[in-house]
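In order, the protein sequence lines correspond to chains A and B.
All residue numbers for the first sequence refer to my numbering, where the first residue is 414 and numbers rise by one.
All residue numbers for the second sequence refer to my numbering, where the first residue is 32 and numbers rise by one.
Note that beta-carbon positions come from the ideal geometry of N, C-alpha and C, so glycine has one too.
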Amino acid sequence: MKKEFQFLGKDFPRKEGRARANGFEKYPSDLYFDNMLYGRILRSPYPHARIKSIDFSEAEKLGAVCVSYEDAPGKRFNLRLVSVPKATYKDWQLFSDHMRQVGDFFGAVAAETEELAEQAARVVKVEWEILPAYMSMDAALAAKDNLIHDKVFLEDQEIKIKNNIACTREVVEGDIEAGFQEADVIVETEFETPRQYHCQLEPRSCVVRPEADGGITVWPTTQAVHNTRILIGSVFNLPLNKVNVVRITGGGHFGSGIHTNPVTLITTALALKSKRPVKIVQSREEDMYDHVRYPSKYVLKVGARKDGTLVAGHMRAYIDIGCHHIQALAYLGVMSGFWHSLYRMENMKYEGTAVYTNKVPTCAMQGYGAPQVTFGVEGTMDMLAEKLEIDPIQLRIKNYVGLGEVFWGQGPTVKSPIFSDGVVELLKKGAESIGYYKRPGSQKQTGRYRRGIGFARGFHTSGTGAPVPGEVKDYTTVQVKVNEDGTIDILTALMDHGGGTLDAAAKIVAEEFQVPFDKVGISPADTRSTGYDVCTHATRGVYCGAGAAHEVAKKTKDVLLEYAARYLDAYPDSLIFSYDEKSGQTRISVWGNPEKTTTIAAVAEHAMNKDWGTAIYSKSIRKVACPPAYTNYFVEVEVDTETGHVKILRVVAGSDAGTVINPILAKGQLHGGFYRGAGMALLENTSYDDKTGCLTNKGSMIDYKMLGIDEMPDPDDFEVIFADTYEPTGPMGAKGIGEAAFNPAPAAVTSAICDAIGIRFTKLPILPEDIMDALGEGHDK
Amino acid sequence: MKKLPIELTINGRAHELLVSPKETLLNVLRERFHLTGAKYGCGIGECGACTVLLDGLPVLSCQLLAVMCNGKKVVTIEGLSPQEAAAHPMQDSFVEEGAVQCGFCTPGMVISATALVEEKSEPTTEDIKVALRGNLCRCTGYENIIRAVKTGARKMKEV
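Have a look at this one:
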């Protein structure tokens, strides 16, 4: 149940909002330094090739500084340092003569102007040896030689690659053969999800400035400043106290900054060689060849008893990971975890295979494996409900993993108990609000336009914390300090992607101290001045990150209480903080002694003048759980049976985020998560020309196709319901929200289309031509 | 290539410049004046993040050569507010309505929204969807942006 708060649960304009709306916020691409050079990356026009020779002489005549595989450090690494070393496959090099995708990088040039850099890049001469390209998993798996990688390293152990298989993972619980024998009904289906592109508005960019002490300062587009620092230090053999990575606002990430972007390493190489500041802003086309969501193709077999109890499940997945590992092993692990943790199943087996192809390397995108898995699992639940003639909502309620159970959404090494659960409340309220039980269904409709209501549920973990260490690192370091005027500063390397993570930390600290929100500030941060923070990913921002700020704030408050107790001549345990709205002051008073009262500001100033010290504390905090943030979407669509066009009419979102810190921003997370999820269901994919290995959208955002403002429902038709829950392990009862807001969206849209026209799609995106084909109408190619 | 002289008024101040015929308005604003509120998101007129006002109308500054703007008045997000000390009511509304997430599209959105309201003081949801169709946002799902434009329109009336 919710508690009463002074500031939490109320709408507040976000702190960073003003700078962003007024155009003064600086992003990496906005930085300019004296004497700065502009870089351009040299890229392969072929999907698979080897460089025989490279000639920079014409570029150097233009005054360009050039770097290539010839002066690369050669070290193997993984760009993503979230996992522990023993679970990290390394197949990247800073530059290589082996090109594995169109757009792969083999060098870079820097010059006085962007135009000159572009000219220099064009006159670099390369002699190529073209290799056979593997543009599909089937082609890649059939290959015996000319492999995309011959060998890779798992930590420091060399691994020979066979048939372009990057890695495999098997997770087993119980005995599926025995389980399936108990089943009265079995559903087995192949599902496929697309290579969605993040399309964050700012292309990945970087600025690096060499410093007088031999170090460098780095302004990258990243979600993880500390991991970026550690990777740069390792690749370039620089001491970590000479690599200062600055936290700077990024123009959207959605997972594309969990790993260090290649552009960051390339810019560093140019800056170290030229000894001048260098900036690289990638073009949109380059950005599309840089990162993309993991697609998934899997056969899911699930068995259930007549009463709807699930008894066994088997998932066999093949993942086309593109030409590099950005932690495919972790991806396979979370696929099994998200699946296993949606619905209780004593007997389960997951078999995952990650396959290299000559395509853009795949990485995390909002939801990681959850939207992919939720799409198939929720589709399967609908099919089972139909076969068993059980209400689909009741079937979910019977089987979902909830309160008091153990789940492991982030893979088998991240097991955590569930202490809060708003699933039933949200399903019931959502169904009621959208009129789920009053829907006509596909049987009763004729005519051009058919309407359908569907739903799906899902969750995301709030971070990757667990009671025991696993394959993934998870902690945040925070310092909280009370200033001599009663204002408070929070110093942490925690990142905000735009959702309001840092704002949430400030609000929670404000609540703890009972000081107004505007008196709590977030200090500028860089890796030199902060302790380690793993990354803002896995929906850990509020629960783990702001949670760490809360724990540290309590410690800082203890210091302040000691000072206050001395000042008021009382015992610390008898002191109470209260915010007086009239005076705008936060008072510290001794209970039962109303005359003994002061303010935070007076105590802090007194402590300074008496040389007692500053009320300050700093600590690394690891959360020992990662509670599920549950979400469901009920969606109403209208399908035009003459064009195959799907219009989203109404959305009712249900979110169990525990205590809601700032409702207006939390609602924004659901709006945005649904928008990108519906895009994955209806439009978004990156496809390739098999002959050239090029993206068929040719780097154009319009041809990539996303939902536009005119394709989203009107604001009055997008309702958000928050569950009345309180997470006992969270900061003031809060859990995560970010990725949970995406995960069930593609499945919900698919379910609504099925309700409208009676056709269940198992492959995303569901394009208008797919609908026309399925309706038997065909379409013009 | 020979540089050409142009006159540009940027956020109320007149400037005389020598520009290359290939230079875009976006480049002039960002590289020469470090007015980085107008963003580079695609460079080919697809995303709207570079939107500025040219003689009062919203334009894609990445699609205009600087020489085409000779003698014209440019207003960027940094100069949108008529008062130096206070933000434009549309900027306030974007913040209050939770329409700002990563913020990269926000300057272009606010410029387009302001131009819409200057033309139509009480825009409907449909009007807003048409006017902002050329401004892409990847974060918000547009819901709070639509609300913000309506609130902004109300506030602009009050000023």
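Note down the Cα distance separating Pro-36/B from Val-658/A, rounded to an integer number of angstroms.
C-alpha separation (whole angstroms): 41 angstroms.
Taking a cut of 8 angstroms between CB atoms, which residues from the segment 680-707 of chain A lie near chain B?
Going along the segment 680-707 of chain A in chain order, one finds Val-694, Ser-696, Arg-697 with a Cβ nearer than 8 angstroms to chain B.
Using 10 angstroms around the beta-carbon of Gln-594/A, count the other beta-carbons present and answer buried if the total reaches 16, otherwise exposed.
Looking at its Cβ environment, which holds fewer than 16 other Cβ atoms inside 10 Å, Gln-594/A is exposed.
Using 8 angstroms as the cut-off, can you tell me whether the segment 1077-1092 of chain A makes contact with the segment 1111-1131 of chain A, which would need three or more C-beta pairs spanning the two stretches below that distance?
Two segments are said to touch when three or more pairs of C-beta atoms, one from each, lie closer than 8 angstroms; by this definition the segment 1077-1092 of chain A touches the segment 1111-1131 of chain A.
Name the residues in the segment 435-453 of chain A whose C-beta lies less than 8 angstroms from a C-beta of chain B; which are they?
Flagged, chain order: Asn-435, Gly-436, Phe-437, Glu-438, Lys-439, Tyr-440, Ser-442, Asp-443, Tyr-445.
Where Asp-1053/A sits in the DSSP three-state scheme:
Reduced to three states, the DSSP call for Asp-1053/A is strand.
In DSSP terms, what Ser-496/A is bridged to:
Residue pairing for Ser-496/A: DSSP places it in a beta bridge opposite Val-885/A.
Contacts around Glu-838/A, its chain only, beta-carbon distance under 6 angstroms, and the 5 residues preceding and following it disregarded:
Non-local C-beta neighbours of Glu-838/A in its own chain, meaning closer than 6 angstroms and more than five positions away in sequence, comprise Ala-1136, ordered along the chain.
Do the CB positions of Val-1073/A and Val-1059/A come within less than 9 angstroms of each other?
Contact: no.
Closest to Leu-66/B by C-alpha separation, out of Ile-108/B, Cys-168/B, Asn-175/B, would be which residue?
For the residues Ile-108/B, Cys-168/B, Asn-175/B, the minimum Cα distance to Leu-66/B belongs to Ile-108/B.
Compare the C-beta of Ala-938/A with all C-beta atoms of chain B and state if any pair is closer than 9 angstroms.
Contact of Ala-938/A with chain B is not assigned, every C-beta pair being separated by 9 angstroms or more.
Looking only at C-alpha atoms, which of Arg-863/A, Tyr-850/A, Pro-774/A sits nearest to Asp-1053/A?
Answer by Cα proximity: Arg-863/A.
Along the beta strand (DSSP E) that carries Thr-581/A, what are the first and last residues, could you check?
Where Thr-581/A is concerned, the enclosing beta strand (DSSP E) stretches over 578-586.
Since Arg-541/A sits in a beta bridge, which residues does DSSP pair it with?
Contrary to the premise, residue 541/A reads as Trp rather than Arg in this sequence. DSSP output for Trp-541/A lists Ile-464/A as bridge partner(s).
Any idea if Asn-166/B is buried or exposed, counting beta-carbon neighbours within 10 angstroms, 16 or more meaning buried?
By the 10 Å Cβ count, Asn-166/B comes out buried.
Between Ala-1154/A, Thr-1175/A, Phe-1155/A, which has its C-alpha nearest Ser-1164/A's C-alpha?
Closest by alpha carbon: Thr-1175/A.
Can you confirm whether Asp-1127/A, when its beta carbon is compared against all beta carbons of chain B, has any partner nearer than 9 angstroms?
At least one beta carbon of chain B lies nearer than 9 angstroms to the beta carbon of Asp-1127/A.
Beta-carbon neighbours of Ser-1113/A, restricted to chain B and to distances below 9 angstroms
What Ser-1113/A touches in chain B: Cys-73, Ile-75, Glu-77.
Close Cβ partners of Arg-44/B (< 7 angstroms) along its chain, the five nearest in sequence each way excluded:
The beta carbon of Arg-44/B is closer than 7 angstroms to none in its chain, skipping five residues each way along the sequence.
Within-9 angstroms CB hit, Leu-529/A to chain C
Looking for chain C here will not work: the only protein chains present are A and B.
Here's a check: name, in chain order, each residue in its chain whose Cβ is nearer than 6 angstroms to the Cβ of Val-715/A, leaving out the five neighbours to either side.
Excluding residues up to 5 positions away in sequence, Val-600, Gly-726, Thr-793 lie with their Cβ nearer than 6 angstroms to the Cβ of Val-715/A in the same chain.
Assuming His-666/A and Thr-940/A form a contact by the criterion Cβ under 8 angstroms, report the distance between their Cβ atoms to the nearest whole angstrom.
Your pair His-666/A and Thr-940/A does not check out as a contact, with CB atoms roughly 18 angstroms apart and the cut at 8 angstroms.
So within the segment 704-772 of chain A, which uninterrupted alpha helix (DSSP H) runs reach at least 4 residues, ignoring any that extend past its ends?
At a cut-off of 4 residues, the continuous stretches assigned as alpha helix (DSSP H) that sit fully inside the segment 704-772 of chain A are 741-755.
Partner residues on chain A for Ala-118/B, Cβ-Cβ distance less than 9 angstroms:
Within chain A, the residues whose beta carbon sits less than 9 angstroms from that of Ala-118/B are Arg-431, Ala-434, Asn-435, listed in sequence order.
Assign Gly-865/A to buried or exposed, taking buried as 16 or more other Cβ atoms, counted over all protein chains shown, within 10 Å of its Cβ.
The residue is buried, with at least 16 neighbouring Cβ atoms inside 10 Å.
If you run the structure through DSSP and keep just helix, strand and coil, what is Ala-1147/A?
Residue state, collapsed to three classes: strand.
Tell me, please, whether the CB atom of Val-50/B is closer than 9 angstroms to any CB atom in chain A?
Not closer than 9 angstroms to any Cβ of chain A, the Cβ of Val-50/B fails to qualify, so no.
Return helix, strand or coil for Lys-488/A, following the three-state DSSP convention.
If DSSP states are grouped into helix, strand and coil, Lys-488/A belongs with coil.
Is the CB of Gln-122/B under 9 angstroms away from at least one CB in chain A?
At least one chain A Cβ lies under 9 angstroms of Gln-122/B.
From His-46/B to Thr-999/A, what does the alpha carbon distance come to, in whole angstroms?
Distance between the alpha carbons of His-46/B and Thr-999/A is about 51 angstroms.
Taking its Cβ as the centre, do 16 or more other Cβ atoms sit within 10 Å of Leu-981/A, making it buried, or is it exposed?
Looking at its Cβ environment, which holds 16 or more other Cβ atoms inside 10 Å, Leu-981/A is buried.
Short of 9 angstroms Cβ to Cβ, which residues in the segment 657-678 of chain A face chain B?
Those would be Thr-662, Gly-663, Gly-664, Gly-665, His-666, Phe-667, in chain order.
For Ala-1066/A, which residues from the same chain have a beta carbon less than 6 angstroms from its beta carbon, with the 5 sequence-adjacent residues on both sides left out?
Within the same chain, Cβ atoms closer than 6 angstroms to the Cβ of Ala-1066/A are found at Tyr-1046, Leu-1083, Val-1133, the five residues on either side in sequence being excluded.
At what residues does the alpha helix (DSSP H) containing Val-638/A begin and finish?
Where Val-638/A is concerned, the enclosing alpha helix (DSSP H) stretches over 638-649.
Taking only beta carbons into account, state which residues of the segment 599-625 of chain A come closer than 7 angstroms to chain B, listed in chain order.
If you check each beta-carbon in the segment 599-625 of chain A against every beta-carbon of chain B, the ones closer than 7 angstroms belong to Cys-612, Gln-613, Leu-614, Glu-615.
What is the residue span of the alpha helix (DSSP H) that Glu-601/A lies within?
Looking at the DSSP string, Glu-601/A is not in any alpha helix (DSSP H); the run it does join, the beta strand (DSSP E), is 598-606.
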